[in-house]
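Before any comments, here is the structure.
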């Protein structure tokens, strides 16, 4: 089984680090490939992947158009890359640390014509049949274990243990893929309109300091 | 007339608290802008009396009409592989301007895929605002605006639903329902369950999550104080309905990811010891004065938990005395 982990182009989000950690725990039955689309070859994402002992291949998808690609186009490109790399299990972070929408995994699954499971806590190869996995995830207030044949796209949320990755090593080699190698003509990419909405700068409101009695009043005021 | 679809999250046979808030918000938008609220129930096999009971709940909560699909294939957890087909079918048939999901994890699971398939804008962790803009030339325009914080925390995204020429899929934060906004006279339409998109994917086993209450709360008390069972039980029993207590926020990030409480209370010696849930526009984060609470009885840090429980008791007594 080839497992593919997609990391952001500049630095991996907390959720992507968790996805990489889960992939590293798949064990020897899985060949682990890490892919980063766009950006520089000297990114924090690629450096992390190249030093990760469980990773067998690190691939950088290099094209300037990926810098401005919308989520739908990026999902299409990642799906083509997954096919090219013969990856049957794709792990991604649930959402980035910047925009935080979480649409790329869904777009990837859509183009790969594979099911998407979210809020994934663990993945392991299935003993029931080859080319399948068992996925543990949170859904409907329950911790569920699912059987899924491959291909599958699994998105992983950020967790408190995100930073703990498998053993490091000297950086491995880096492969560079182009869109042409994936059969995509960059000049014919038509990006979708921006659906993010207008941006209003400013940080969230700071902490409001309260006494215990004020906190109790506020809590009860919300009590129907 | 425009349509709003509200996905109904049912757990242990009950409509969840975030879903009741979602229905109230959908009703508020519908009354303001003129729309029909459709509640979508996608559940495993149920007898008619239970369906009627749920339909009355969602109708009283604010739905005009109830769409119900029950099938063995929908009995498991709400996954895109099993529930995505029915969502797509409803979206295609009704062409809603808004497809709303409640807080609690179901929106993260189903929302992005629905948005991708329907070409909709997607707004997670959203807050709804209604605005009337006066105009001397034309009638006052009714604006429905969805806002959310960027994950980077450097600003908000705002989508004016009327400005888009496509639908919006949104996951709302959880809040308090002040009063039911609908009428308990449901009009229930049974809809067929389409074939699953990925039939080979199946549920092997499941277990209840001990922290699932956190997913559904509208107010969350977070504490990183090491506390014994008596202190935790004291505070838990004192908290009002809709509020939850999270005692190890640094580990329980998974529950926090699914939770979208509007109001968060931090009970901790320091601000940085707790991994906060994503902020909600229109919500608040209160840092409870830990030192003030602990010094009264200051035998141990966990006395702060007893202190908040006592404060809740005093506040209740004041409210009852004033009533």
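Protein chains in written order, with this note's numbering: chain A, 23 to 246; chain B, 797 to 1119. Every residue, glycine too, gets a C-beta built ideally from N, C-alpha and C. Predicted model only: the values in this text are computed from it and were never measured.
So, is the C-beta of residue 1101(B) closer than 8 Å to a C-beta in chain A? Residue 1101(B) has a beta carbon lying at 8 Å or more from every beta carbon in chain A.
Give the secondary structure of residue 956(B) by DSSP, where H, G and I count as helix, E and B as strand, and everything else as coil. Looking at residue 956(B) - three-state DSSP - the assignment turns out to be strand.
Residue 181(A) at chain B interface by Cβ criterion, 8 Å: Interface with chain B (8 Å Cβ-Cβ cutoff): residue 181(A) is included.
How would you label residue 233(A), buried or exposed, when you count the other beta carbons within 10 angstroms and need 16 or more for buried? So residue 233(A) ends up on the exposed side.
For a cutoff of 8 Å on Cβ pairs, would you count residue 30(A) as touching chain B? Chain B has no Cβ within less than 8 Å of the Cβ of residue 30(A).
I'd like to know whether the C-beta atoms of residue 901(B) and residue 167(A) end up nearer to each other than 8 Å. Their beta carbons are not under 8 Å apart, which means residue 901(B) does not touch residue 167(A) by this criterion.
Measure from the C-beta of residue 1033(B) to each C-beta in chain A and report whether the shortest distance is under 8 Å. Residue 1033(B) does not count as touching chain A.
What residues from chain A crowd round residue 875(B), counting only those whose CB sits closer than 7 Å? Listed along chain A, the residues sitting closer than 7 Å to residue 875(B) by beta-carbon distance are 139 and 161.
Contact set between residue 94(A) and chain B, taken where Cβ atoms lie within less than 8 Å: In chain order: 912.
Between residue 184(A) and the rest of its own chain, which residues show a CB-CB distance below 6 Å, the 5 nearest in sequence each way excluded? Note that residue 184(A) has pLDDT 49, beneath the 50 cutoff, so the model's placement of it is unreliable and the number below is only indicative. Hits under 6 Å: 36, 39 and 40.
Which residues in chain E sit within 9 Å of residue 192(A), going by Cβ to Cβ distance? Going by chain labels, chain E is absent from the structure shown, which instead holds the protein chains A and B.
Spatial neighbours of residue 851(B) within its chain, please: C-beta separation below 6 Å, excluding the five flanking residues on both sides. Once the five neighbours on either side are set aside, the close Cβ partners of residue 851(B) are 862, 982 and 984.
Expressed to the nearest angstrom, what Euclidean distance is found between the alpha-carbon atoms of residue 797(B) and residue 830(B)? Those two C-alpha atoms are separated by around 7 Å.
For residue 996(B), which three-state DSSP category applies? The answer is coil: DSSP assigns residue 996(B) none of H, G, I, E or B.
Between residue 1094(B) and residue 1035(B), what straight-line distance do the alpha-carbon atoms span, to the nearest angstrom? At residue 1094(B), the pLDDT of 48 sits below 50, so the modelled position is not reliable; the number obtained from the coordinates is stated separately. Approximately 22 Å between the Cα atoms of the pair.
Contacts that residue 167(A) makes with chain B (C-beta to C-beta distance below 8 Å): What residue 167(A) touches in chain B: 999, 1000, 1001 and 1002.
Can you confirm whether residue 842(B), when its beta carbon is compared against all beta carbons of chain A, has any partner nearer than 8 Å? No, because no Cβ of chain A sits closer than 8 Å to the Cβ of residue 842(B).
In angstroms with no decimal places, state the Cα-to-Cα distance between residue 1027(B) and residue 70(A). Their backbone Cα atoms lie some 43 Å apart in a straight line.
What residues from chain A crowd round residue 909(B), counting only those whose CB sits closer than 8 Å? Simply 128, 131, 132 and 138.
Listed by chain order, chain B residues near residue 232(A) by CB distance under 9 Å: The answer, in chain order, is 1061, 1082, 1083, 1084 and 1085.
Please report the distance separating the alpha-carbon of residue 165(A) from that of residue 90(A). Taking the straight line from one Cα to the other gives about 37 Å.
Kindly say whether residue 904(B), judged by its beta-carbon, lies nearer than 8 Å to any beta-carbon of chain A. With 8 Å as the cut-off, residue 904(B) counts as an interface residue toward chain A.
One question on the structure: do residue 921(B) and residue 965(B) come within less than 8 Å of each other, judged by their Cβ atoms? No; because the gap between Cβ atoms is not below 8 Å, this pair is not in contact.
For residue 53(A), which option in 67(A), 116(A), 75(A) and 32(A) has the closest C-alpha, if you only look at C-alpha atoms? It is 75(A) whose Cα lies nearest to the Cα of residue 53(A).
Where does residue 810(B) fall in DSSP's three states? Three-state result, residue 810(B): strand.
Integer-rounded CB distance, given that residue 147(A) should sit under 8 Å from residue 51(A): 5 Å between Cβ atoms; contact.
Among 1103(B), 994(B) and 956(B), which has the Cα closest to the Cα of residue 220(A)? Ranking the options by Cα distance to residue 220(A), first place goes to 956(B).
For residue 958(B), decide whether its Cβ has a neighbour in chain A, counting only Cβ atoms nearer than 8 Å. No - not a single Cβ of chain A is within 8 Å of the one on residue 958(B).
As a quick exercise: from 1019(B), 1078(B), 828(B) and 799(B), pick the residue whose alpha carbon is nearest that of residue 928(B). Looking from the CA of residue 928(B), the closest CA among 1019(B), 1078(B), 828(B) and 799(B) belongs to 828(B).
Tell me the start and end of each unbroken alpha helix (DSSP H) in the region 124-172 of chain A that is at least 4 residues and wholly inside, in chain order. For secondary structure counted as the alpha helix (DSSP H) over 4 or more consecutive residues, the region 124-172 of chain A holds these complete runs in sequence order: 126-134.
Could you tell me whether any Cβ in chain B is nearer than 8 Å to the Cβ of residue 218(A)? Yes, its Cβ sits closer than 8 Å to a Cβ of chain B.
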